[in-house]
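Asks:
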Amino acid sequence: MNALAQPAGPIAPSVAIPLLRTLVLCDLVDSTALTERLGDQRAADLFRKHDRLARALLPIHGGREIDKTDGFLLMFERPLQAVAFALDYQRALRELNAAEGSTLAARVGIHVGDVVAWDNSPEDIARGAKPFEIEGLVKPITSRLMQLALPKQILLSGVAHALAHRAQGELGERLETVRWRTHGRYRFKGIPDPIPVFEVGDEGFAPLKAPPWSGKAHREVPFWRRPATLGIEFAAVLALLVAPAWYLLKPAPAIAFAQRDWVVVGDLRNLTGDTSFDASVQAAFRIGLEQSRYVNVLSTLKARETVQRMQRDPEKTPVDRAVGAEIAIRDGARAVILPTIAEIGGRVRVTAEVVDPQTQTTVYSESADGIGAESVLPSLDAVNQKLRVRLGEALATVSKESRPLDQVTTKNLDALRAYSLGVEASIRNNMKEASSLFRQALQFDPQFALARINLGECLAYAGDNSGATAEMRKAASAENLTPRDALYAKAWLANFENPRAALEDWQVLARLYPDFPRASGALGFFQYQAANDFSAAIAATEQNAVNTNPRRGVADYLLGVLYLGDGRYAEAQRRFDQAEANGFKTQNVYRAYLFAAQRDFTKASTLLSQGTKSGLDSEDAELQRARALLSLDRGDWDAALAEFAGSREVDVADDSDRQITKLMLHSLSDTPAEFKVRASTYLREWSSMPSAHRESDTGQFKLLLAAYLSARAGAMPLAATALDRVTAQSRSGDYPYLVSLLRVVEAELARAGGDAKKSISMLGATVDGREYYLTHRALMDAYAATNDYAHALRESHWLAEHRGRAYAEQFGQATLNPLNVALANLALLDAAEFASAQKNLPASREALGGFRKAWPNADKLPFLKQRLEALSEAYRAAH
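So my numbering is basically just the index in the sequence shown, starting at one, shifted up by 287.
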């Protein structure tokens, strides 16, 4: 039994108990005039009937009578009880008037707050005191609300409305005719702070309009709407009449929402008692809203991260009105949307409230209902469409760009539930559980393409690229996807099959959905890895490194790599630090490269030793390779060769990486005869590899690289043989990095064949900021072959100065990095030789000094000894 209707026991006299309660103040309008018109006896009879009907409603709604004058002062435990009472009270009053032929009208105020309550002593009661007393600021505020109300009007404070409206589904069938309105903030005489005022009432009976101002209450009005500024505003409006009519006539949303603003979707409130709706309706609601290119929905993962920053457990913290508002404020979202599903009168109703996060008040709500579970998805479609229009999106755009949920997800709510649980598991990085749940969703509905996309991503995360590709190919060919998800599946599939097409697809997706982090993130990575376009990659990744991206740390780290490649070392350092601050942990490979590019090898080695160890073979091999690269950059040639030769072998591809690295370095240190033997051996071993490896893009890359190295060593037949084995994909343009390397190979063959000018022409046409680091080495050699030492010197300076690019270049999965790093150092020696050939001995000595400082043990390396001695002889001859 309700504690308010049946108090547990008397409160001791003089003991005041603080309670959080809802007060209701009812008042009959113009009761004195009514008494004068009807006479004392008839009026008294009518008032007694009024009092009986009000008191009869109290136990139904768990209320307690506190005081009685022309109306009642009542106390309830919950705001919704107070609202339910007030609605029934107004309806009962209408029925009484119909029966008695009277015109009684009441106004009602409702407020929630702390009251101090006590029971009076028997002696005080005997003297006329009420048995039960309350006091507190809640009383005068309730009184002010009642006095402000119009006849037949029920007014609530902001806090009472927030609590009651959230629980409105409990009103049952009565909710069909109930309407809620907001009337702004009012200042009441004697109350220091403004009070948000709301109204609840039955449509067709309640006024549902803002109450008039009085001497005791007035509505807050912004300064631009006060009388003193109306003249200026009127003139401004007249001036704006020349603006396009459509702009003036376009209905403004009730919240200051603009295109590409963000919303936070709160947790679904399920009042049906059917738990199958919990996850499925929540997932479908988000998917429907995410179809919009006007409204951005904050991801669940980002919301969880923000809850963690609020020092709360995301597993135990529901995203309700208060939590959603704080998330929105922290992450810059404009609104909070709170979905509810309830069963009312045998119908399933879906409701969504749009809440202003600054005030936590409901700006407006939309609802739709139907019969049975099969009506839920159409109802969600209707609610989402109404919400998007209310937020400012054009109806024509909503209709054109959105498809019904059962056509872009699944009609099976069990499949939706499994999908939603799979998404939650993936957010927790439990990919094994997520994969099982996505498979379960596909068992419920094999045509559920969105579940297939997520399963593909889980498989890729686990290293099963063939399985991931198979799932993504099925998804990409499906028709039941949103336009965004269909583009995403197509672009993702192209990652493995056609990098050029993938780059184009990611560009389209990022342009259409600029706030979709998966699109801008993938675009930045592909601009870097496939096109070697550092400038474009930085622009795309900057768009991805925003607070609304739940994986911003990844974007910050990639920006660090890109700024390293662009030679902007301070900015690279800032981005690496930001990535770490955002929780992204790595083995510190590229952070180490940043300091190695600046020749701080002590710091670089320290960072490698402090990185996060993954335990994966591939990442352990990358760490060992990074240490070998630092040895090479310091000039420890023999140690570097040994470290590269000792790299861990995981599979055929990794062994091939080791062999091509050795071939690159030996191309610099071997004699031509020695290298011809080594290159011939490498090509035989390459030919014996499985065809899948030979025909892959990485296999073709290594073949082209062997052709370049052979041509540079003068082994023209070997180079020609290698070039003959290149497949059509290297020439088609589908793999941009293969085409780029092919151009370098062809230019090097022209130079080695005696046509250096042709080589210069071919290479010069490719220099646009996206060319290989190796392109500048080939250009340098071609200029030197024509005795154009000025241009050769310029290219050697470029190689020496772009050490960040040597480390960061990703063409061919970073295969060229060892060669790049070696060439960056040797470019100093090349510069000394070119300056000497120009008789510029000071510049030559300076360059040579830089080289000796970089590689102090160079005199001990046979392949450099002769070059160093030749320079010394040139210096002596000059004196």
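We put the beta carbon where it would ideally sit given N, CA and C, even for glycine.
As the structure is a computational prediction, the values presented were derived from the model and not from experiment.
Using only alpha-carbon positions, find the residue among E463, A966, L432, T828 that is nearest to V484.
Replies: V484 has its Cα closest to that of L432, out of E463, A966, L432, T828.
Asks: Using C-beta distances below 6 Å, list every residue in its chain close to S1027, excluding the 5 sequence neighbours before and after it, in chain order.
Replies: Within the same chain, S1027 has close Cβ partners Y1059.
Asks: So if DSSP puts N557 in a beta bridge, which residue, or which two residues, is it bridged to?
Replies: In the DSSP output, where bridge partners are listed per residue, N557 has I628.
Asks: Reducing DSSP to helix, strand and coil, say where K537 ends up.
Replies: Confidence is the limiting factor: at K537 the pLDDT is only 46, short of 50, which leaves the residue's position unreliable, though a coordinate-based value still follows. Three-state DSSP puts K537 in coil, outside helix and strand.
Asks: In the structure shown, what three-state DSSP assignment does S975 receive?
Replies: Three-state DSSP puts S975 in coil, outside helix and strand.
Asks: Using CA coordinates, which residue listed in V1013, S1019, D1055, Y1070 is at the minimum distance from E1035?
Replies: If we check each option's Cα against that of E1035, Y1070 comes out closest.
Asks: Are the beta-carbon atoms belonging to A763 and A773 less than 9 Å from one another?
Replies: For A763 and A773, yes; Cβs fall inside 9 Å.
Asks: DSSP has R393 in a bridge; who is on the other side?
Replies: Checking the displayed sequence, the identity of residue 393 turns out to be Ala instead of Arg. Its beta-bridge partners are L315.
Asks: So, is D1055 buried or exposed, given that buried needs 16 or more other C-beta atoms within 10 angstroms?
Replies: So D1055 counts as exposed.
Asks: With burial defined as no fewer than 16 other Cβ atoms inside 10 Å of the residue's Cβ, what is the status of R886: buried or exposed?
Replies: Looking at its Cβ environment, which holds fewer than 16 other Cβ atoms inside 10 Å, R886 is exposed.
Asks: Just grab the DSSP bridge partners of E1198 for me.
Replies: Not covered by the structure: residue 1198. The range shown for the chain is 288 to 1166.
Asks: Taking 7 Å as the limit between beta carbons, can you name the residues of its chain near A818, skipping five residues before and five after?
Replies: The residues are L790, P1023, R1057.
Asks: What residue from A913, L955, E930, R981 has the CA that sits closest to S943's CA?
Replies: The option with the nearest alpha carbon to S943 is R981.
Asks: Say whether the segment 912-921 touches the segment 1108-1117, bearing in mind that this needs 3 or more beta-carbon pairs closer than 8 Å, one atom from each stretch.
Replies: Flag = yes, the segment 912-921 and the segment 1108-1117 touch.
Asks: Once you ignore the five residues that flank A827 on each side, which residues in its own chain have a CB closer than 7 Å to its CB?
Replies: Closer than 7 Å at Cβ, skipping near neighbours: A797, S807, L810, G811, Q814.
Asks: Evaluate the contact criterion for the segment 682-701 versus the segment 542-560: three or more CB pairs, one atom per stretch, below 8 Å.
Replies: These segments do not touch.
Asks: By Cβ distance below 6 Å, which residues in the same chain neighbour Y880 in space, the five residues on each side in sequence not counted?
Replies: The answer, listed in chain order, is Y1094.
Asks: Could you give the DSSP three-state label for R1133: helix, strand or coil?
Replies: According to the sequence shown, residue 1133 is Glu rather than Arg. Note: E1133 maps to helix in three-state DSSP.
Asks: Roughly how many angstroms separate the alpha carbons of F735 and R715, rounded to a whole number?
Replies: Going from the Cα of F735 to the Cα of R715 covers about 23 Å.
Asks: Between I421, K1152, K777, which lies nearest to M759 when the distance is taken from Cα to Cα?
Replies: Minimum Cα distance to M759 is reached at K777.
Asks: So does the segment 328-345 actually touch the segment 394-407, counting three or more Cβ pairs closer than 8 Å?
Replies: Contact between the segment 328-345 and the segment 394-407 is absent, because fewer than three Cβ pairs lie under 8 Å.
Asks: Would you mind sorting A515 into buried or exposed? The rule is 16 or more other CB atoms within 10 Å of its CB.
Replies: Note on A515: pLDDT 48, under 50, position unreliable in the model; the coordinate value appears next. With fewer than 16 Cβ atoms within 10 Å of its Cβ, A515 is classed as exposed.
Asks: In this structure, does DSSP put R617 in helix, strand or coil?
Replies: Three-state DSSP puts R617 in a helix.
Asks: Whose C-beta lies closer than 7 Å to the C-beta of V676 among residues of the same chain, with five residues either side of it excluded?
Replies: Counting only Cβ-Cβ distances below 7 Å, and skipping sequence neighbours, we find L682, V685.
Asks: Please look up how many angstroms separate the CB atoms of L310 and M362, rounded, as I've assumed it's under 8 Å.
Replies: That pair is a contact at about 6 Å.
Asks: Going by the CB atoms, is the gap between E909 and Q874 shorter than 9 Å?
Replies: Yes, these two residues count as a Cβ contact at 9 Å.
Asks: Applying the 10 Å Cβ sphere with the 16-neighbour rule, what's the burial state of D792?
Replies: Buried, because 16 or more other Cβ atoms sit within 10 Å of the Cβ of D792.
Asks: CB-CB under 6 Å to W924, same chain, minus the five flanking residues each way: which ones, in chain order?
Replies: Correct list, in chain order: L1148.
Asks: Return the residue from the list R591, A823, A612 that minimises the CA-CA distance to E602.
Replies: Among R591, A823, A612, the Cα nearest to that of E602 belongs to R591.
Asks: Alpha carbon to alpha carbon, how far is L458 from P366?
Replies: Roughly 12 Å separates the two Cα atoms.
Asks: So within the segment 374-428, which uninterrupted beta strand (DSSP E) runs reach at least 3 residues, ignoring any that extend past its ends?
Replies: Runs of the beta strand (DSSP E) inside the segment 374-428: 393-406, 419-422.
Asks: Alpha carbon to alpha carbon, how far is A1118 from M1067? Give it in angstroms, no decimals.
Replies: Approximately 10 Å, taken between the alpha carbons.
Asks: Along the beta strand (DSSP E) that carries H1063, what are the first and last residues, could you check?
Replies: From DSSP, H1063 is part of no beta strand (DSSP E) but of the alpha helix (DSSP H) over 1060-1072.
Asks: Please classify Q645 as buried or exposed, where buried requires at least 16 neighbouring CB atoms within 10 angstroms.
Replies: Burial call: exposed.
Asks: Is the distance from the Cβ of Q1016 to the Cβ of L1025 below 9 Å?
Replies: Yes. Within cutoff.
Asks: Restricting to Cα atoms, I'd like to know which of A622, T968, Q440, E661 is closest to D314.
Replies: It is Q440.
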